[in-house]
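Working notes, structure below.
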Amino acid sequence: MRRALVTGCSGFIGFHLCRRLLADGFGVAGIDNLSDYYDPALKRQRQAILQADPAFSVVNDSIETPGLLERMFRDHRPEIVVHLAAQAGVRHSIDHPRAYLSSNIAGTFELLEAARAVPPRHMLLASTSSVYGPNDRMPWRETDPTDHPMSFYAATKKATEAMAHAYAHLYGLPVTMFRFFTVYGPWGRPDMALFRFTRAILRGEPIDVYNRGEMRRDFTHVDDLVAAIRALIDAPPPPEGKERDEGVSPVAPWRVVNIGNSHPVMLGELIAAVEQATGRYAIRNLLPMQPGDVPATWADTSALRRLTGLSPSTEIRKGVQDFVDWYLHYYHQNAAGMACRGKSTSDASPSENRKEQDLLADPPDINRKTFHRNPI
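Take 44 as the starting number for the sequence shown in our numbering and just add one per residue.
Okay, structure coming up:
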């Protein structure tokens, strides 16, 4: 049995990746601290699904705990390591930068030290499209400059790329960095736009639309992302000096790869897809651009296609429908459970739980697509 270690295993992407690896016959060791950045109940339910498989084991602790990851490496001897644990969110980093320093910088350092002590065959580390900053030459290629991060979140992710490169060069550790482009799908994060839009539209509440909707994002369905990571596992970078491909270091077994849909979508198109999937119109609260954000993202995925033969291509309306179907099912189940037990299953406030139960007592009929005409 092949052995993998996944950090951030109970997060949105980590959960989907662990399920894929388990289905492919891997033994998976995970670590997740179940932080309260968003509702830990969602993370616990993801983790419970993974724990139903005897090939999965988990440690609930923080990756920056000194020596913890090295002990896990020695206990499990993973041949594959996928590092997804991080403090996410561009906007959150403006008010809470210390959390990013601790998780993204110190946590990645602990991972690299563990790999130096117990080297895996291949390490894959998550970065972000945010490292491209204000670069307006699109689509973004892996060789484009990343010297001007627009947020502290992006700065910490650029730092992890540089740290991993140094360890790859010094210790011969094969490292693939992948840059994500706005991942969405079932079991997604509540702080992401699709989740917030869906919740607000179903409640009849306004949605905040930044830059007055003049934004484009390369939305990438989580199934496409996981398929790409799974394929990259078996495509480690070449030894130093053996290849001169785009994104490959000339002095280390280190490579960077974009994973995106390579098809930017206007924010208004995303909102229209949510309206169609929910059967309700959005009330738009038009706002200026937020600090640290960029007006557009767009991935050049030719390197991914060359390495794996894959081209993420889930159409936005289908992907949004997947998410809305999951959202309605998930909160139906939880609301029913709360009613039966007489208490909340999440860490949300009582008023938030009541809102979810009120909404789901009479959810929209998605088959009839009956739109409720709210003023826009």
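Backbone N, C-alpha and C define an ideal beta-carbon position, used for all residues, glycine too. These numbers were taken from a predicted model, which means no experiment stands behind them.
Can you give me the Cβ contacts of residue i inside the same chain, cut-off strictly under 7 Å, excluding the 5 residues immediately before and after it?
i: Met206; result: Thr151, Phe152, Leu155
i: Asp104; result: Ile74, Asn76, Leu111
i: Val294; result: His212, Glu283
i: Ser145; result: Glu107
i: Arg360; result: Ala316, Gln319
i: Gly231; result: Phe55, Leu237, Phe238, Phe366
i: Gly290; result: Glu185, Thr186, Arg298, Val299, Val300, Ala346
i: Gly311; result: Gly256
i: Met309; result: Arg259
i: Ala149; result: Glu107
i: Ala142; result: Gln130
i: Ala271; result: Ile302, Leu347, Thr351, Leu353, Pro355
i: Gln364; result: Ala320
Can you list, in chain order, the residues of its chain whose CB lies under 8 Å from that of residue i, leaving out five sequence neighbours each side?
i: Pro331; result: Tyr253, Asn254, Arg255
i: Arg327; result: Pro249, Ile250, Val252, Gly256, Ile314, Ile419
i: Tyr210; result: Leu155, Ala158, Arg159, Leu216, Val218
i: Pro233; result: Tyr81, Asp82, Leu85, Arg239, Arg242
For chain C, check one thing: does any of its Cβ atoms lie closer than 7 Å to the Cβ of residue i?
i: Glu318; result: The structure shown contains no chain C; it is built from a single protein chain.
Might you give, ordered along the chain, the residues of its own chain that have their beta carbon closer than 6 Å to the beta carbon of residue i, omitting 5 neighbours on each side?
i: Pro192; result: Gly176, Ala198, Lys201
i: Ser170; result: Lys200, Glu204, Met220, Arg222
i: Met96; result: The sequence shown places Asp at residue 96, rather than the Met named in the question. Contacts found: Leu65.
i: Leu93; result: Cys61, Phe99
i: Ser194; result: Val133, Ser136, Gly335
i: Val265; result: His59, Val226, Gly228
i: Ala47; result: Leu64, Phe69, Val71, Pro121, Ile123
i: Tyr370; result: Thr241
i: Tyr214; result: Arg159
i: Ala267; result: Per the sequence presented here, residue 267 reads as Asp, with Ala not at that position. Taken in chain order, the residues that qualify are Pro355, Thr357.
i: Gly362; result: His264
i: Thr340; result: Ser172, Phe224, Arg260, Asp261
i: Asp278; result: In the sequence under discussion, the amino acid at residue 278 is Ala, which differs from the Asp named in the question. Leu350.
Which of the three DSSP states is assigned to residue i in this structure?
i: Arg164; result: coil
i: Met206; result: helix
i: Ser78; result: coil
i: Phe69; result: coil
i: Arg46; result: strand
i: Val294; result: coil
i: Ser387; result: Bear in mind that the predicted position of Ser387 carries a pLDDT of just 40, short of 50, making it unreliable; the figure below should be weighed with that in mind. Three-state DSSP puts Ser387 in coil, outside helix and strand.
i: Thr199; result: helix
i: Asp368; result: helix
i: His306; result: coil
i: Gly437; result: Outside the shown range of the chain, which is 44 to 419, sits residue 437, and nothing can be said about it.
i: Ala278; result: coil
i: Ile56; result: helix
i: Ile106; result: coil
i: Cys61; result: helix
Along the chain, where does the alpha helix (DSSP H) that runs through residue i open and close?
i: His126; result: Where His126 is concerned, there is no enclosing alpha helix (DSSP H), although the beta strand (DSSP E) it sits in stretches over 123-126.
i: Arg117; result: 111-119
i: Arg89; result: 83-94
Could you tell me the boundaries of the beta strand (DSSP E) in which residue i lies?
i: Ile302; result: 297-302
i: Ser100; result: 99-102
Are the segment 171-178 and the segment 109-118 in contact at 8 Å, needing three or more beta carbon pairs?
Verdict: no, contact absent.
_Contact between the segment 290-305 and the segment 340-350 is defined here as three or more beta-carbon pairs at a separation below 8 Å; is this criterion met?_
The answer is yes - the segment 340-350 touches the segment 290-305, with three or more Cβ pairs under 8 Å.
* Could I get the ranges of all uninterrupted beta strand (DSSP E) runs contained in the segment 208-269, with 3 residues as the minimum, in chain order? => Complete beta strand (DSSP E) runs here, min 3: 218-223, 249-252.
Unbroken beta strand (DSSP E) runs of length 3 or more, entirely within the segment 308-361: which are they?
-> Uninterrupted beta strand (DSSP E) stretches at least 3 residues long and entirely within the segment 308-361 occur at 326-329, given in chain order.
Completely contained alpha helix (DSSP H) runs for the segment 126-191, where each covers 4 or more residues: DSSP assignment within the segment 126-191 yields the following whole alpha helix (DSSP H) runs of 4 residues or more, N-terminal first: 135-138, 140-143, 150-160.
Are three or more beta carbon pairs between the segment 155-166 and the segment 124-135 nearer than 8 Å? Because the criterion of three Cβ pairs below 8 Å is met, the segment 155-166 and the segment 124-135 touch.
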